[in-house]
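Structure first, then comments.
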Amino acid sequence: MSAAVSAALVVAAFVLFACILAGMWRAIAGPSVEDRLTAFVLLGAGGAALFIVLAAISGLPALRDVAIVVIGLATIVAVVFTRRSVR
Amino acid sequence: MTVVAFSDVDVLDILVVLAVAVTAVLAVVIPRRVSATIAFLVFGLLLALLWARVAAPDVAIAEAALGGGVAGALLVDALHRRQPDSPQRSRRRTATVTAVGAVLGAVTVAALVTVLSRLTAEPADLGPLALEAVERSGVSHPITAVLLNFRNLDTLLEIAVVVFAAVGAAALSRDRIRPVSDPGPVRRVIAVVIVPALVLLAGWLLVAGTSEPGGAFQAGAVLGAALIIAHLCGVHAARAEGRRALAIVVTGLVAFIMLGAIGLAATGTWLALDLDWAFAAILAIETLLTVSIGMALAMLFLAAGSRDEGSVTDARARAAAAGGAP
Amino acid sequence: MVIVDIVVIVLLAVGVMFVVAGTVGLLRFPDLASRLHAVSKADVLGLGFIATALAIHILATEPGWAAVGVVAKLALIWILALIGTAANAHLMAGSRRRAEAERGTEA
Amino acid sequence: MTTLQLFLYAGAFILVLGVVATMLVRDLIRRLIALNVASGGVMLLLLALADRGDGEPDPVPQALVLTGIVVMAAVTGIAIVLARRVERLDDDLEEVEP
Numbered sequence: 023m024s025a026a027v028s029a030a031l032v033v034a035a036f037v038l039f040a041c042i043l044a045g046m047w048r049a050i051a052g053p054s055v056e057d058r059l060t061a062f063v064l065l066g067a068g069g070a071a072l073f074i075v076l077a078a079i080s081g082l083p084a085l086r087d088v089a090i091v092v093i094g095l096a097t098i099v100a101v102v103f104t105r106r107s108v109r
Numbered sequence: 015m016t017v018v019a020f021s022d023v024d025v026l027d028i029l030v031v032l033a034v035a036v037t038a039v040l041a042v043v044i045p046r047r048v049s050a051t052i053a054f055l056v057f058g059l060l061l062a063l064l065w066a067r068v069a070a071p072d073v074a075i076a077e078a079a080l081g082g083g084v085a086g087a088l089l090v091d092a093l094h095r096r097q098p099d100s101p102q103r104s105r106r107r108t109a110t111v112t113a114v115g116a117v118l119g120a121v122t123v124a125a126l127v128t129v130l131s132r133l134t135a136e137p138a139d140l141g142p143l144a145l146e147a148v149e150r151s152g153v154s155h156p157i158t159a160v161l162l163n164f165r166n167l168d169t170l171l172e173i174a175v176v177v178f179a180a181v182g183a184a185a186l187s188r189d190r191i192r193p194v195s196d197p198g199p200v201r202r203v204i205a206v207v208i209v210p211a212l213v214l215l216a217g218w219l220l221v222a223g224t225s226e227p228g229g230a231f232q233a234g235a236v237l238g239a240a241l242i243i244a245h246l247c248g249v250h251a252a253r254a255e256g257r258r259a260l261a262i263v264v265t266g267l268v269a270f271i272m273l274g275a276i277g278l279a280a281t282g283t284w285l286a287l288d289l290d291w292a293f294a295a296i297l298a299i300e301t302l303l304t305v306s307i308g309m310a311l312a313m314l315f316l317a318a319g320s321r322d323e324g325s326v327t328d329a330r331a332r333a334a335a336a337g338g339a340p
Numbered sequence: 028m029v030i031v032d033i034v035v036i037v038l039l040a041v042g043v044m045f046v047v048a049g050t051v052g053l054l055r056f057p058d059l060a061s062r063l064h065a066v067s068k069a070d071v072l073g074l075g076f077i078a079t080a081l082a083i084h085i086l087a088t089e090p091g092w093a094a095v096g097v098v099a100k101l102a103l104i105w106i107l108a109l110i111g112t113a114a115n116a117h118l119m120a121g122s123r124r125r126a127e128a129e130r131g132t133e134a
Numbered sequence: 837m838t839t840l841q842l843f844l845y846a847g848a849f850i851l852v853l854g855v856v857a858t859m860l861v862r863d864l865i866r867r868l869i870a871l872n873v874a875s876g877g878v879m880l881l882l883l884a885l886a887d888r889g890d891g892e893p894d895p896v897p898q899a900l901v902l903t904g905i906v907v908m909a910a911v912t913g914i915a916i917v918l919a920r921r922v923e924r925l926d927d928d929l930e931e932v933e934p
């Protein structure tokens, strides 16, 4: 791995992590429950991106499995929360 | 006291630990259930990240699968319940209790830190011993070897806990979450695409567990989440309730006990595995455990699901239904 | 080799930029619908660019069947993200719309 | 401060935070969340200890934590069922004697 690419990967990991933390603001500020849950659910995409970047940096291929689990289960919060509005 | 210096610590490690600590405080301090639950869900995601940093990808997969899956579903579902008003107590008494708790907590943390600072950075003896014995376990992934060969009594008892929790929850709760009759197009897509993908993922995690991170717990957690999603998206075949589900849940525990008896008959030691058939036995018992854990977790969710008559949302929904609104 | 590196870095930068744009939208947009619009599209597009960058990177550095497996996993992640995020946005928006309709009938 | 110490101290803090909150918080769901936070602290302690040294991480604490996570999910489920019954009982009592 060339130095430039590994540096870019590290920078990308930091920025993605910052995005996840920034998204928490919406989870706390709301105002509605949907807003808060949307913030968490859509952190799934950012979280998956962070995990695949970390897999490339750290040489732990299992982190890609973590990313698949995170993104695959991202729907469960929305499905459970909205189950009452289906009749 | 010396100035704290982070000379040889990765900056990302510091940031992740800080974020984990902050979300932990938020999850505990915020008075509204909704915000506390969201903070806890984010805490879970960050914990998975932290487990990746301490070289524990197995635990990271399990954390992502349970924290973001079944446990997240349980807590999010409880959001629909009306939060009971906190009992009126004098503000002064609350402040006193909180202050006493904070002081005692600070003292405990100081004591723990003092003890922990004496720890050497040398690894314990047990780890190398376990790593060395992996080749005699039948599988090549050390954690699976520990869970299903060296310390499989722990795993047996853990399965017993999960089975009893599922049976107990089903017995305690009178009503179950009903399956959705008309799921609508979005849920139908989820049922057709996401659910099979999750079941496939559970299978992959199960098989991968013999040689790399993964195994019955992670696969069971993903399968449980898949069953919950399927149930809420109108897949009737996947109902995790009634006698059939109970039989599947108990099968895992019974099979594990039988494996112990086979070990006793074949090798003279309870739960021991012979290297000749250890791989086959581990894979077989893991498959049963995956199904059993997944079904047990889904049963827990269906029993814990609230259909509270007193809840605001339900009252509103009933009023809307009575008024003929969609 | 150098060209591959440049391609990887550029794709990575574009992907991260989209994720940042989605996050800014989540924080700055005024209501749920526009926040959903910003995040469900931009974040997933960003994830796609990042996954493409990592796929090219792994194919260039460690060619072989293992790399093909990694690329398949990255593709699976992106497909799951496309479907899952779209479904989430629909469910959340629908839930909010119904809640508002009910509030309307009550008033 | 080394990475090990950073993780250990953070684990101790999160553990005590969760335990204290479990005892002080009155709302049952929030108390359950506090208990889960405490378990996160314990897991951080164990996993940081497992990752001591330069070699491969110690698989025994990692297996322990894996068991703990699954047990914690089961505990959370049954605690939510119990919390629901307790709350319904409280509501009934309030109706009888307002």
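Protein chains in written order, with this note's numbering: chain P, 23 to 109; chain W, 15 to 340; chain B, 28 to 134; chain C, 837 to 934. Idealized CB from N, CA, C, for every residue including glycine.
Item checked: chain W contacts from the segment 106-122 of chain B (Cβ-Cβ distance under 7 Å) -> Taking 7 Å as the Cβ-Cβ cut-off against chain W, the residues of the segment 106-122 of chain B that qualify are L107, I110, G111, A114, H117 and L118.
Notebook entry, point to check: Is the Cβ-Cβ distance between L72/W and I157/W less than 8 Å?
Noted result: Contrary to the premise, residue 72/W reads as Asp rather than Leu in this sequence. Result yes, Cβ atoms of D72/W and I157/W sit closer than 8 Å.
Check: Mind checking whether L85/P and L76/P have CB atoms under 8 Å apart?
Finding: With respect to the 8 Å criterion, L85/P and L76/P are classified as neighbours on the basis of their beta carbons.
Next item on the list: Would you mind working out which of F164/W, L88/W, L55/W and A50/W sits nearest T283/W, comparing C-alpha positions?
Entry: For the residues F164/W, L88/W, L55/W and A50/W, the minimum Cα distance to T283/W belongs to F164/W.
Check: Can a CB atom of chain P be found closer than 8 Å to the CB of I30/B?
Finding: No, I30/B does not count as interfacial toward chain P.
Notebook entry, point to check: Counting contacts by CB-CB distance shorter than 8 Å, is T265/W in contact with chain C?
Noted result: No, no contact with chain C.
Checklist line | Neighbour-count burial assignment, T12/W, 16 or more Cβ in a 10 Å radius | finding: The requested residue 12/W is not part of the displayed model; chain W covers only 15 to 340.
Notebook entry, point to check: If we ignore side chains and look at the alpha-carbon of each, how far apart do V37/P and I271/W end up?
Noted result: Distance between the alpha carbons of V37/P and I271/W is about 50 Å.
Note to self: I believe A41/W touches F57/W by the beta-carbon criterion, under 8 Å. Please report the beta-carbon distance rounded to the nearest angstrom.
What the structure shows: Yes, A41/W and F57/W are in contact; Cβ-Cβ is about 5 Å, under 8 Å.
Next item on the list: Alpha carbon to alpha carbon, how far is V203/W from V901/C? Give it in angstroms, no decimals.
Entry: In a straight line, the C-alpha of V901/C is about 35 Å away from that of V203/W.
Next item on the list: Report the residue from L853/C, V873/C and A899/C whose alpha carbon sits nearest the alpha carbon of N166/W.
Entry: Closest by alpha carbon: A899/C.
Margin query: Using 8 Å for Cβ pairs, my map puts I914/C next to A92/W. What's the rounded Cβ distance?
Written below: Taking 8 Å as the upper bound for CB-CB distance, I914/C and A92/W are not in contact here, some 13 Å apart.
Next item on the list: Check whether the Cβ of I242/W lies closer than 8 Å to any Cβ atom in chain B.
Entry: The Cβ of I242/W sits no closer than 8 Å to any Cβ of chain B.
Next item on the list: Helix, strand or coil for L79/B, going by three-state DSSP, please let me know.
Entry: The residue asked about is misnamed: residue 79/B is Thr in this sequence, not Leu. Three-state result, T79/B: helix.
Item checked: Near-chain P residues of the segment 52-67 of chain B - C-beta to any C-beta below 7 Å -> Residues L53, L54, L59, R62, L63, V66 and S67.
Note to self: Comparing C-alpha positions only, which one of L871/C, V873/C, A874/C and I865/C sits nearest to V48/W?
What the structure shows: The shortest Cα separation from V48/W among L871/C, V873/C, A874/C and I865/C belongs to I865/C.
Next item on the list: Just confirm the distance between the C-beta atoms of G152/W and M859/C, as a whole number of angstroms; I'd bet it's less than 8 Å.
Entry: With 8 Å as the limit, G152/W and M859/C do not qualify as a contact, their Cβ atoms being about 45 Å apart.
Notebook entry, point to check: Is A134/B close to chain W, meaning its C-beta is less than 8 Å from at least one C-beta of that chain?
Noted result: Low local confidence applies: a pLDDT of 46 at A134/B is under 50, so the model's placement there is unreliable, and no value is given.
Note to self: Less than 8 Å between CB atoms is the rule here; does I75/W satisfy it with respect to chain B?
What the structure shows: With a threshold of 8 Å between beta carbons, I75/W makes no contact with chain B.
Next item on the list: Please compile the residues from chain B whose C-beta is within a distance smaller than 8 Å of the C-beta of V208/W.
Entry: Before going further, note that residue 208/W is Ile rather than Val in the sequence given. Simply L107, I110, G111 and A114.
Next item on the list: Run the CB neighbour count on R106/W, radius 10 Å, all protein chains shown included, and call it buried at 16 or more, exposed below.
Entry: By the 10 Å Cβ count, R106/W comes out exposed.
Note to self: Quick check: the Cα distance between P90/B and P893/C, rounded to an integer number of angstroms?
What the structure shows: The alpha-carbon atoms of P90/B and P893/C are separated by roughly 29 Å.
Notebook entry, point to check: Can you find a CB in chain W that lies within less than 8 Å of the CB of L64/P?
Noted result: L64/P does not count as touching chain W.
Item checked: Neighbour list for S24/P in chain B, Cβ cutoff strictly below 7 Å -> Within chain B, the residues near S24/P are D32.
Checklist line | Chain-ordered neighbours of A86/P on chain B, where CB pairs are closer than 8 Å | finding: Reading off the sequence shown, one finds Arg at residue 86/P, where the question assumed Ala. Those are V97, K100, L101 and I104, listed as they occur along chain B.
Item checked: Proximal chain P residues relative to H94/W, where beta-carbon distance stays under 7 Å -> Those are R106, listed as they occur along chain P.
Next item on the list: State yes or no: is the C-beta of T97/P within less than 8 Å of the C-beta of G111/B?
Entry: For the 8 Å CB-CB criterion, T97/P and G111/B form a contact.
Checklist line | Exposed unless 16 or more other CB atoms sit within 10 angstroms - verdict on H245/W | finding: Under this definition H245/W is a buried residue.
Margin query: For a quick check, are the C-beta atoms of G119/W and V856/C less than 8 Å apart?
Written below: Between G119/W and V856/C, the C-beta gap is smaller than 8 Å, which places the two residues in contact.
Next item on the list: Indicate the three-state DSSP secondary structure (helix, strand or coil) for L843/C in the structure shown.
Entry: For the sequence presented, residue 843/C should be read as Phe rather than Leu. DSSP, reduced to helix, strand and coil, places F843/C within a helical segment of the structure shown.
Notebook entry, point to check: Do you know how far the Cα of L273/W is from the Cα of R921/C?
Noted result: Distance from the CA of R921/C to the CA of L273/W, rounded to the nearest whole angstrom, comes to 38 Å.
Notebook entry, point to check: At a Cβ threshold of 8 Å, is G45/P touching chain B?
Noted result: It does; some Cβ of chain B falls within 8 Å.
Notebook entry, point to check: Which residues of chain B have a Cβ atom closer than 8 Å to the Cβ of G94/P, listed in chain order?
Noted result: Those are L107 and G111, listed as they occur along chain B.
Next item on the list: Taking a Cβ distance cut-off of 9 Å, strictly less, list which residues of the segment 57-70 of chain W are near chain C, in chain order.
Entry: Those residues of the segment 57-70 of chain W that come within reach of chain C (Cβ to Cβ, closer than 9 Å) are F57, G58, L61, L64, W65, R67, V68, A69 and A70.
Next item on the list: Please list the segments of the alpha helix (DSSP H) lying wholly inside the segment 41-98 of chain P, counting only runs of 4 or more residues, in order along the chain.
Entry: Within the segment 41-98 of chain P, complete alpha helix (DSSP H) segments of at least 4 residues are found at 55-80 and 84-94, given in chain order.
Notebook entry, point to check: With distances taken from CA atoms, which of T79/B, H84/B, A126/B and L109/B is nearest L101/B?
Noted result: Out of T79/B, H84/B, A126/B and L109/B, T79/B has the C-alpha closest to the C-alpha of L101/B.
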